[in-house]
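Each residue of the sequence shown is one higher than the one before, counting from 1 in full-length UniProt numbering.
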Amino acid sequence: MSDLAPKEIYNRAKNEGERRLFMPPLEQVSTGFIAGVTIVFGIVALAIAEHLIEPAFGEGPAKLAGALAFGMGVVFLVIGRSELFSENFFDPVATAIDRREKSTWLRLLRLWGLILLLNLLGGAVMAAVFVVPGALPSGAHDVLVTVAEEIAGKGGLATFMRAIAAGTLLTLLSYLLHAVDPAGSRIVLAYLVGVFLALGAFDHVVVSGLHLLAGLWLGADVTYLEVGRNVLLATAGNLLGGLLLMTLTHTAQAKEAK
């Protein structure tokens, strides 16, 4: 573990944000697509773990096992250097604030839109593989249906508040990753955040959206309208939590630090 001052962490974030904002278009496309594919493995791991644990230990331990399994998906994202929407809030924003150029802010908006679209596209392709009958244990399909119906059944305000929590949590991960150096420390941080994200059932736009989509394709009582509603609310909440509660406050901390 390292003991960096807030300003040093912030400077690391600016350098990473520079890389992300100005990477070649093909690299941005592939990075966003791969992240969507990757996170589906976490969703599937959650479903399999819940399916295996619930018959013997009940619903509570099964939910915990599912969250512990989902954490692997976030580890894959971080170590694989792919880019998940909201996980990319802190670094590029730090760069845009430092540059103070309109063109950089426009580039930032384009990055967010592109990454979100490609996360969902890549995830949808991978989800289509796993919803084929026999691709997963049948009980795992049942879990995916149940989770999708639980997500769709939440009220709009609850979805928005859970999305604020998810955006804050994933942006916090981005910040903390700059405070550590060894790969082992990065793995632990990513895993803990992934577990908490699933355990709290917080609404990250890509994770919840893909849960809903997979459940819909498996016959859950979910409509495409509900998928779209969740995506819109979760996007707004993720932005609010990630930018206002985490990015801007850490920016103020770093700017005032001596």
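Cβ atoms here follow ideal geometry from the backbone N, Cα and C, with glycine treated the same way.
Cα-Cα separation, residue i to residue j
i       : j       : result
Leu-233 : Leu-116 : 14 Å
Ala-45  : Ile-53  : 12 Å
Gly-123 : Asn-11  : 32 Å
Ile-97  : Arg-19  : 15 Å
Ile-79  : Ala-152 : 31 Å
Ile-34  : Gly-139 : 27 Å
Leu-64  : Lys-102 : 45 Å
Pro-61  : His-141 : 19 Å
Leu-111 : Glu-16  : 14 Å
Glu-27  : Leu-118 : 12 Å
Residue nearest to residue i in terms of C-alpha spacing, selected from the options
i       : options                            : result
Gly-42  : Trp-217, Gln-253, Pro-92, Leu-197  : Leu-197
Arg-255 : Ala-94, Leu-225, Ala-69            : According to the sequence provided, residue 255 is Lys. The question's Arg does not apply to it. Comparing Cα-Cα distances from Lys-255 to each of Ala-94, Leu-225, Ala-69, the minimum goes to Ala-94.
Val-29  : Ala-214, Phe-160, Asp-142, Leu-121 : Leu-121
Ile-39  : Leu-199, Arg-107, Ser-208, Ala-62  : Ser-208
Arg-162 : Val-205, Leu-216, Pro-55, Thr-249  : Val-205
Leu-4   : Asp-181, Thr-249, Leu-210          : Asp-181
Leu-213 : Val-125, Phe-57, Trp-105           : Val-125
Exposed unless 16 or more other CB atoms sit within 10 angstroms - verdict on residue i
i       : result
Asn-238 : buried
Leu-169 : buried
Arg-100 : exposed
Leu-21  : buried
Gly-66  : buried
Tyr-175 : buried
Ala-252 : exposed
Gly-134 : exposed
Phe-202 : buried
Gly-73  : buried
Chain-order list of residues whose beta-carbon lies under 6 Å from that of residue i (same chain, five-residue window excluded)
i       : result
Gly-71  : Tyr-191, Gly-194, Val-195
Thr-31  : Ser-82, Glu-83
Leu-245 : Thr-168
Phe-76  : Thr-38
Glu-226 : Ala-152
Sequence-distant residues of the same chain with beta carbon closer than 7 Å to residue i, five excluded per side
i           : result
Pro-137     : Ile-48, His-51
Ala-220     : Val-145, Ala-148, Glu-149
residue 259 : This structure does not reach residue 259, given that the chain is present from 1 up to 258, and the question cannot be answered.
Val-231     : Val-205, Gly-209
Chain-order list of residues whose beta-carbon lies under 8 Å from that of residue i (same chain, five-residue window excluded)
i       : result
Val-242 : Residue 242 is actually Gly in this sequence, not Val. Within the same chain, Gly-242 has close Cβ partners Ser-86, Phe-89, Phe-90, Gly-167, Thr-168, Leu-170, Thr-171.
Which residue spans inside the stretch 132-211 form an unbroken alpha helix (DSSP H) run of at least 4?
138-153, 156-177, 183-199
As an exercise, report each continuous alpha helix (DSSP H) stretch of at least 4 residues that is fully enclosed by the stretch 62-125, in chain order.
90-99
For the stretch 2-38, which segments carrying the alpha helix (DSSP H) assignment without a break, of at least 4 residues, lie completely within its bounds, in sequence order?
6-21
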